[in-house]
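If you're matching positions, the sequence shown starts at 51 in this note's numbering and goes up one per residue. Even for Gly, the Cβ is constructed at its ideal location relative to N, Cα and C. Inspection log for the structure reproduced underneath, given as structure tokens.
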Amino acid sequence: MLSLPSETRFLDAWRAGDTDFPFCPCASIHLYTAYLRWYRENGVRNPRESNQFLGKVARIPGWANDNTWVYDSLYFSGQPRKQRMVIPDRAELEKSGYSPTDSNKQPVATKSQWLTVGYFKFQGAMNAREEVAA
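See the structure below:
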């Protein structure tokens, strides 16, 4: 496994649940930031630049790194805004147990809602990690 590129090792660990970050749709910049934290903690010498890392993500079959629409809160009010998101393969997400719900713990109805839940779930894990480190 050590002979694999660092971005592949990180993505494999993320998919397997072996990082502090939930395997779910997330902002592209958030995933890259998580990768940078992971590489420092694991003694990786030269991390990939963001365009190389996110290009690798976009080439995984069934995955995307696209501009899409997300809401500013889990209440899904107002108009959604554009956000570049990493969207893992849906079947892979379901297999991992990812099941997005809204603020009332009800299943979400639209793609924008589905992506918004992932956005805030991943962001919450990043924020929690920063609080522990402080």
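Cα atoms of residue 81 and residue 89: separation of roughly 12 Å, rounded to the nearest angstrom. Around the beta-carbon of residue 160, fewer than 16 other beta-carbon atoms lie within 10 Å, marking it exposed.
Residue 123 holds the alpha-carbon nearest to the alpha-carbon of residue 169 among 111, 123 and 142.
Around the CB of residue 77, 16 or more other CB atoms lie within 10 Å, so the residue is classed as buried. The beta-carbon separation of residue 84 and residue 103, rounded to 10 Å, does not stay under the 8 Å limit for a contact.
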